[in-house]
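Down below is the structure, laid out as structure tokens.
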Amino acid sequence: MTGPATIEVLRLPHGADLPFPAYATEGAAGMDLLAAVAAPVVIGAGERALIPTGIAVALPAGHEWQIRPRSGLALRHGILVANAPGTIDEDYRGEIQVILLNAGADSFTVERGMRIAQAVLAPVLRGRFVEVAELTGTVRGERGFGSTGRSGCAQTRQE
22 MTGPATIEVL RLPHGADLPF PAYATEGAAG MDLLAAVAAP VVIGAGERAL
72 IPTGIAVALP AGHEWQIRPR SGLALRHGIL VANAPGTIDE DYRGEIQVIL
122 LNAGADSFTV ERGMRIAQAV LAPVLRGRFV EVAELTGTVR GERGFGSTGR
172 SGCAQTRQE
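Counting from 1 along the sequence shown, just add 21 to a position and that's the residue number in my numbering.
Pasting the structure below:
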């Protein structure tokens, strides 16, 4: 096994006083992203807000950062990452910003330095596209949403 992949981190001026990105524990898959807001941001129920983190990154080739919700915020307040998982591409060099969605019943206030999301480094497999006249068949075929648990599919999932 090789060592950890290197992620270059540029602290932006409005995030210079915030803690440097790090994993919270030895076994953590994701690292917390912090809010680099100048003033508290109130997200009303059902609303979204773009929250800056005060950092930009250079990811290793062949990787992405997946931006995911923090489970505690999701459970206690209904705060989600609107496009979860969000993707930061390896060639993006701008500030990491997180689209937070308040799916809760009450307004939620994001304060400076608050842990708002987590970033998970993941390998990316790129595909090669080939145009064909017909796709190979499967038992499922064209049956869509919710079809795999219904009769007609040879393999059904046990819930």
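Yeah, the Cβ is synthetic: ideal placement off N, Cα and C, and Gly gets one too.
Fair warning: this is a prediction, and the values are worked out from it, not measured in the lab.
Backbone secondary structure at L94 - three-state DSSP: helix
Rounded distance between the beta-carbons of R32 and G75, thought under 8 Å: 7 Å
Pair within 8 Å by beta-carbon distance, A77 and R136: no
Ordered list of beta strand (DSSP E) runs contained in the region 54-91, each at least 3 residues: 62-64, 69-79 and 84-89
Whether N104 touches I64 by CB criterion (8 Å): no
Meets three-Cβ-pair contact criterion under 8 Å: the region 78-97 and the region 137-150: yes
Beta bridge counterpart(s) of A143 as assigned by DSSP: E85
Neighbour flag for V102 against chain D, beta carbons, 8 Å: Checking the listed chains, one finds no chain D in this structure; it contains a single protein chain.
6 Å Cβ shell around A126 - same chain, five flanking residues per side excluded: A66
Cutoff 7 Å; reference T27; Cβ partners in own chain excluding five residues on either side: P81
Buried versus exposed call for A60 [16 or more other C-beta atoms within 10 Å across all chains shown]: exposed
Collapsed DSSP secondary structure at T108 in the structure displayed: strand
DSSP state of T130 mapped onto helix, strand, coil: strand
Contact set for M52: own chain, Cβ-Cβ below 7 Å, skip 5 residues either direction: P42, A43, Y44, Q139 and A140
Residue range of the beta strand (DSSP E) that includes E116: E116 to N123
CA-to-CA distance, P73 to E116, given in whole angstroms: 7 Å
For R32, the first and last residue of its enclosing beta strand (DSSP E): E29 to R32
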